[in-house]
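37 is the number of the first residue of the sequence shown in the working numbering; add one for each residue after it. Report on the following structure.
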Amino acid sequence: MTRALARIDLGAIERNCARLKVELGEGTELCAVVKADGYGHGADACASAALAGGASRLAVATGAEAAQIGRRFPQVPLLTMGALSADDLEDALAAGSEVAVWREGFRELVSARGRAQGRPVRVHVKYDSGMGRLGSADPAEVLALIRACAEDPQLEVAGVWTHFATADEPDSSFFDQQLERFAEVAAAVKAELPGVAAHAANSAAVFRDRRSHFDMARCGVAVYGLDPFQGDPAERGLVPAMSLHSYVADVKRFAAGDSAGYGRTWRASEDTWLGVLPLGYGDGVRRGLSNNGEVLIGGRRHPLVGTVSMDNVTVELGPETDVEPGEEAVLIGSQGGASIRAEEVAARLGTINYEVTCGISARVPRARA
Ligand SMILES: *Cc1c(COP(=O)(O)O)cnc(C)c1O
37 MTRALARIDL
47 GAIERNCARL
57 KVELGEGTEL
67 CAVVKADGYG
77 HGADACASAA
87 LAGGASRLAV
97 ATGAEAAQIG
107 RRFPQVPLLT
117 MGALSADDLE
127 DALAAGSEVA
137 VWREGFRELV
147 SARGRAQGRP
157 VRVHVKYDSG
167 MGRLGSADPA
177 EVLALIRACA
187 EDPQLEVAGV
197 WTHFATADEP
207 DSSFFDQQLE
217 RFAEVAAAVK
227 AELPGVAAHA
237 ANSAAVFRDR
247 RSHFDMARCG
257 VAVYGLDPFQ
267 GDPAERGLVP
277 AMSLHSYVAD
287 VKRFAAGDSA
297 GYGRTWRASE
307 DTWLGVLPLG
317 YGDGVRRGLS
327 NNGEVLIGGR
337 RHPLVGTVSM
347 DNVTVELGPE
357 TDVEPGEEAV
367 LIGSQGGASI
377 RAEEVAARLG
387 TINYEVTCGI
397 SARVPRARA
């Protein structure tokens, strides 16, 4: 019996990467994105599994993440994708990471750091093809920035890249617009600097459109077996890597009218049984699931009733139950023939599967197998 436990299936991560590699074909490298502690799955172990499955590069968002991953995998090319302060830049470079350059001022800072460390820094120049975050939206400015990097002996232009805003929306024509804009910029860059890698695709883009693959794809969510389109991961041959487990700490009789939890938001409509599970929003079981979620016990779904507390949730077992204290409960994952996917939990919360797994808090131990 474990209070709260996230099991991480590293074999699933390996197979998901192999699946992505097949989708990508020969000329495209798979870069496994392990930011935010591997979307809550644990960055180090997931990076190892992803590399075993065919990823040849890794990416993170922050300087601290680069420091962790770069030291652990010194032989694997690493890209830090986010904007970096001077201190973060130092951390990322000390870890051997390649970095994003999105404006002239930052190029100068990276150049100075390259001089200080006595070896050129590999940079990926970002083009804002429509995401509206980092990078210039003007192709001429992007080309000028790339030329400035190429002429700088402290820098080496490793990549030109962009990010899609609507890759997960199957009918979006904006995706096609971004793709066309980027393809033009990438072609112009390669005409001058043939060795530069172009990359644009996230997980959704990989499945959606082969033309988005270019030289490398930056995949996160699919690596973890989560569906980029918020549907069923199995339809794309993906296997969810995380499951979330607890146990029934108490089984109690409730008479009609009795209430459970803060604010008495739920009352028994008839005589019934409740199970108490010793985990809550302090573990990342979001309060928005109050009277709005389900839990697997004994291979069957049971409704989460009452308000989710920081350290407890209550589950209605029904007027007749054979559930005993000590039985396993599954909040995400499978039990018997039943399963609750992160996508289902996300839909109940009005969010996406990414936020569900990232939100499983540091209080929950991860058991990797
Ligand atoms: C997080 C991130 C990715 C990975 O996206 P997924 O949808 O998880 O595959 C790719 N590129 C950038 C710039 C990111 O920030």
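Note that the Cβ used here is the ideal one computed from N, Cα and C, for glycine as well. Remember, it's a predicted structure, so these values are computed and weren't measured experimentally.
Within 7 Å: the Cβ of residue i and any heavy atom of ligand 1?
i, result
"K71", "yes"
"C394", "no"
"H199", "yes"
"P269", "no"
"V257", "yes"
"A97", "yes"
"N389", "no"
"A382", "no"
"A240", "yes"
"M346", "no"
"M117", "yes"
"R254", "yes"
"P264", "yes"
Are the CB atoms of residue j and residue i within a distance shorter than 8 Å?
i, j, result
"P264", "A270", "no"
"V344", "G311", "no"
"C82", "L66", "no"
"V287", "E59", "no"
"A184", "L229", "no"
"T387", "Y75", "no"
"T357", "W309", "yes"
"E100", "D127", "It should be noted that the sequence gives Ala, not Glu, for residue 100. Yes, the Cβ-Cβ distance between A100 and D127 is below 8 Å."
"R108", "S279", "no"
"A292", "D307", "yes"
"G267", "N238", "no"
How should residue i be labelled, buried or exposed, when 16 other C-beta atoms within 10 angstroms of its C-beta is the threshold for buried?
i, result
"A378", "buried"
"S84", "buried"
"S305", "exposed"
"G369", "buried"
"E134", "buried"
"E50", "buried"
"Q153", "exposed"
"S248", "buried"
Using a Cβ-Cβ cutoff of less than 6 Å, which residues in the same chain neighbour residue i once the five nearest sequence positions on both sides are dropped?
i, result
"A118", "Position check: residue 118 holds Gly in this sequence, whereas Ala was assumed. Hits under 6 Å: A97, T98."
"M167", "H199, A201"
"V112", "L94"
"N389", "L262, A378, E379, A382"
Residues in the same chain with beta-carbon distance under 7 Å from residue i, minus the five sequence neighbours each way, listed in chain order, please.
i, result
"V221", "Y163, P175, V178, V196"
"M37", "Y283, G362"
"G90", "C53, A54, K57, L66"
"V359", "V284, V287, G311, I333, G334, L353"
Within the same chain, show all residues whose beta-carbon is closer than 8 Å to that of residue i, passing over the 5 residues directly before and after it, in chain order.
i, result
"V232", "I182, V193, A194, G195, V196, V225, K226"
"E140", "L181, A184"
"L46", "A81, C82, S84, A85, A277, R404, A405"
Could you give the uninterrupted runs of the beta strand (DSSP E) lying entirely in the region 154 to 231, keeping only those of 3 residues or more? Qualifying beta strand (DSSP E) stretches, in chain order: 157 to 162, 191 to 197.
Threshold first: 3 residues or longer. Then list the beta strand (DSSP E) segments lying entirely within the region 256 to 320, N to C. Segments of the beta strand (DSSP E) lying fully in the region 256 to 320: 278 to 283, 286 to 290, 308 to 313.
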